[in-house]
Amino acid sequence: MDHYDSQQTNDYMQPEEDWDRDLLLDPAWEKQQRKTFTAWCNSHLRKAGTQIENIEEDFRDGLKLMLLLEVISGERLAKPERGKMRVHKISNVNKALDFIASKGVKLVSIGAEEIVDGNAKMTLGMIWTIILRFAIQDISVEETSAKEGLLLWCQRKTAPYKNVNIQNFHISWKDGLGFCALIHRHRPELIDYGKLRKDDPLTNLNTAFDVAEKYLDIPKMLDAEDIVGTARPDEKAIMTYVSSFYHAFSGAQKAETAANRICKVLAVNQENEQLMEDYEKLASDLLEWIRRTIPWLENRAPENTMQAMQQKLEDFRDYRRLHKPPKVQEKCQLEINFNTLQTKLRLSNRPAFMPSEGRMVSDINNAWGCLEQAEKGYEEWLLNEIRRLERLDHLAEKFRQKASIHEAWTDGKEAMLRQKDYETATLSEIKALLKKHEAFESDLAAHQDRVEQIAAIAQELNELDYYDSPSVNARCQKICDQWDNLGALTQKRREALERTEKLLETIDQLYLEYAKRAAPFNNWMEGAMEDLQDTFIVHTIEEIQGLTTAHEQFKATLPDADKERLAILGIHNEVSKIVQTYHVNMAGTNPYTTITPQEINGKWDHVRQLVPRRDQALTEEHARQQHNERLRKQFGAQANVIGPWIQTKMEEIGRISIEMHGTLEDQLNHLRQYEKSIVNYKPKIDQLEGDHQLIQEALIFDNKHTNYTMEHIRVGWEQLLTTIARTINEVENQILTRDAKGISQEQMNEFRASFNHFDRDHSGTLGPEEFKACLISLGYDIGNDPQKKTGMMDTDDFRACLISMGYNMGEAEFARIMSIVDPNRLGVVTFQAFIDFMSRETADTDTADQVMASFKILAGDKNYITVDELRRELPPDQAEYCIARMAPYTGPDAVPGALDYMSFSTALYGESDL
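Taking the UniProt record's numbering, the leading residue of the sequence shown gets 1, the next gets one more, and so forth.
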């Protein structure tokens, strides 16, 4: 008992401590626990003919609490107090709590007074303790118990269902498929699981709860909406509900286990009996087959003919291929069945199997050994008999085959050796004929062994008194006589071939020397003709001088070339003399080359004709290059003056645009005079264009006398004109801005000085960071909140000002300013955009409200204005402009023809659409 108490204390100390720390339950969880615990209590109280309605009220007097404990434990508690006073109720509750504690459960922070006072949290904690002790504690699955055992049981039962994954007692049950899987696993006829959908949890939960209540006597402890509507269902409520499923199915599982055990024992016994019967029958059949087969294998009566012996051998092969293999398989299967049967009997605690007398595995092995021995002797006898009969037939057939092969090989050989094809052959053909003859001699020597074999076979057949020996001897003699004649013809042909080869080799050497010298000389002449006729394109004097020098060097080689030509022709003449002297029958021309003496002479004459033509072409090209060089120098001299002049003017315009000498009008006058001087330079540009046209017509593509191209000059000239025009326009716009916004010359100078200071690369533009620094230098405060223009700064404003002077600016305000000065998002701020922004920030400009106030004065303080009033008060063109763009006025005081000057005023300043 002490061991039981300590174990229970360890098992249940943690759950009650958890409950005590979690007194402030989630409202959704508390609602689920009320429903679940109430239904669980009623499922037991109804056995005593009663139930509860309100869990914290109906247990206050302790009577139903004691009754509940008696029903679920099967034990009698102490006699309850029947009084109505508080002390009687506390006494009854204490009796119930003492009984719970006697079961090894340690109650933490749960007292009788809280139960009597109707404390819902304490009452739910007490009921959960009872559920843990009497419904969950005794659950045991694979050496795990209580909560872990219940969770393992759920996982084992739902494992076959791929869309169910039970990992806990809260969110794993939200889709309802876990409850449905438990029911379907034990009672598949109650639920059509295949029609359930994971995305329809309400239907799944309601189906499971209704079926459990109707067929499994499990009361409905939760509503499907409570589970689905809660992010994490209450774990205690789910555990209580699931434990009811466990207890409902546990009884059926025990009966199923007992039936399975009986069936398993009977199945093993039936299987063993069948294996015994199979062994007896298979052993009997196999022994009978061995008894019938051994006498047939022991029969050694010889046959007189080869055909009869071959038929016996064929019968034996059928036995080995067709009859014996199935019996080998039967013998193997018999041993396997015997061993398997003995193993199964031993594992199931049955006595070992003893076959009938003479049918043991050892008896079968002995009979099989006798069969193997008879089979081996029978096969050896068959083969020896066949060898004996085959020997004579084999020798006769071998003689016929070798004689036929030899006769076929010698057919036509004598005619081939007598022919004189070498008399009209070339040297290469003679060499080929010699190689072929050598190959024939080798083949002839190889066939010597075959002739000797034929003679030896004929001798053996004579010794064995072969019936057809006379015909064999006549055929052998004919073969030997023919063989001697072939040897004499072979030697005679070899001598004739060697004589012809020696004569043609001398001519071949001369042909080869001719070819070796004619080929490079022919290539030299073809290359020379190609070079002399090759068109050339040069662009400088140096290139044409190089071609002329190379041509003179070529002409210096012509005398040596003519000597080589005469030497080559001399070789050809020597060949002709040899052919005429020895009356050689030449079968063709020089085999090493196709170049003839006629071709060499013709190409040489052509080379001699092309040389003076090349001289004339080089002279003409030299004169043309001298003229092109004069054009290059003329263009380069002018371009080297105009290019730097344009660059200098560009730099001077840049300095004028950023310098602050005098007023804007002085700068404008200076720039216009500068523009006039630039325009007066145009004739020099035109003169350079003329020189450039002459260069293009002469197809001159480079000019080492200048780095300037005409395209560079044109682009520079166009940029110069554009820059001076743009600079003049910027100064004019600055004057307009100054006059329109009332900016003084000193302010303009200050703006220009600040802009120039931060334009460190003198590009005429500022980047975003340069622009921000420039604004700060002018005292402009860029913060996230607009500056209060009160003439004073409070503490926060002054602090913000200091931060801004420390370059810590609000990014939102700066982004707004950048969208004004750089609307195209180019990433730079021009001086004109900078002036426009600064003029808006420093000058007093008109606003939409001021324009509306002016229109209201013209309208006589009305909210609308008429066409007549506009035409009366404004100039005609401006009045018509307003009439065409003002929308009709639709206010409650509108009159026919009334116009809305308010929306027109806001549209002028971009605050609405015209």
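Ideal placement from N, C-alpha and C gives every residue a C-beta, glycine not left out.
Assign residue i to one of two classes, buried (16 or more other C-beta atoms within 10 Å of its C-beta) or exposed (fewer than that).
i, result
"N10", "Residue confidence for N10 is low, a pLDDT of 38 falling below 50, so the modelled location carries little weight and cannot support an answer."
"Y881", "exposed"
"W29", "buried"
"H247", "exposed"
"residue 923", "There is no way to answer for residue 923, as the model of the chain reaches only from 1 to 914."
"A812", "exposed"
"H692", "buried"
"F59", "buried"
"E56", "buried"
"V821", "buried"
"N824", "exposed"
"Y582", "exposed"
"I100", "buried"
"I457", "buried"
"S754", "buried"
"L558", "exposed"
"Q667", "buried"
"H3", "In this predicted model, H3 has a pLDDT of only 35, less than 50, meaning its place in the structure is not dependable enough to derive any value."
"F798", "Because the pLDDT of F798 is 34, which lies under 50, any placement of that residue in the model is unreliable, and the number read from its coordinates should be weighed accordingly. So F798 counts as exposed."
"C332", "exposed"
"G897", "exposed"
Provide the residue span of the alpha helix (DSSP H) that contains residue i, from first to last.
i, result
"P591", "Per DSSP, P591 belongs to no alpha helix (DSSP H) and is neither H nor E."
"W173", "Note, W173: premise wrong, no alpha helix (DSSP H); not H, not E."
"G358", "It is not in any alpha helix (DSSP H) - G358 carries neither H nor E in the DSSP assignment."
"V895", "Looking at the DSSP string, V895 is not in any alpha helix (DSSP H), and its letter there is neither H nor E."
"Y511", "469-533"
"P201", "201-215"
"V87", "86-102"
"D582", "Reading the sequence as shown, one finds Tyr at residue 582 and not Asp. Taken as a continuous stretch (DSSP letters only), the alpha helix (DSSP H) holding Y582 covers 558-582."
"M122", "120-131"
"R34", "27-45"
"S442", "427-463"
"K331", "324-347"
"P683", "682-697"
The ligand PLP heavy atoms versus the CB of residue i: any closer than 7 Å?
i, result
"L427", "Among the components modelled here there is no ligand, and therefore nothing to report on the ligand PLP."
For residue i, which residues in the same chain have their Cβ closer than 6 Å to its Cβ, ignoring the five residues on either side in sequence?
i, result
"I131", "T240"
"M805", "Residue placement at M805 is flagged as unreliable, the pLDDT there being 35, under the threshold of 50; a coordinate-derived value is accordingly withheld."
"L24", "In this prediction, L24 has a pLDDT of 45, which is less than 50 and means its spatial position is unreliable; what the coordinates show is noted afterwards. If we look at L24 and ignore the five residues flanking it on each side, it has no Cβ neighbours."
Can you give me the Cβ contacts of residue i inside the same chain, cut-off strictly under 8 Å, excluding the 5 residues immediately before and after it?
i, result
"L688", "F635, Q638, A639, I642, M710, I713"
"residue 917", "No answer is possible for residue 917: the residues shown for the chain start at 1 and end at 914."
"A519", "T593, I595"
"I166", "L151, C154, Q155, T158, S172, W173, G178"
Among the options, which has the Cα closest to the Cα of residue i?
i, options, result
"P591", "Q509, H551, G527, V538", "Q509"
"N669", "L870, I653, K682, R872", "I653"
"I290", "A267, L45, M354, R359", "R359"
"K220", "C41, C476, K95, E564", "C41"
"P683", "W717, D200, E651", "W717"
"N601", "K577, H447, D61, L569", "L569"
"K862", "A159, M902, M650", "M902"
"E303", "R388, P233, E271, A879", "R388"
"R450", "Q719, P597, K398", "K398"
"E277", "S250, P355, I336", "P355"
"E697", "V141, L532, R624", "R624"
"R563", "S284, L382, S905, W604", "Rather than Arg, the amino acid found at residue 563 in this sequence is Lys. It is W604."
"K162", "Y193, Y708, F758, D210", "Y193"
Would you list the residues sitting across from residue i in a DSSP beta bridge?
i, result
"I865", "L899"
"S140", "S145"
"L766", "V829"
"A887", "D900"
Ordered along the chain, which non-local residues of its own chain (more than five positions away) have a Cβ less than 7 Å from that of residue i?
i, result
"K431", "E501"
"N204", "D175, G176, L177, C180, L196"
"H88", "E81"
"W409", "H447"
"I136", "A146, K147, L150, M239, S243"
"L720", "I646, K649, M650, I678"
"L461", "L395, A396, F399, S469, V472"
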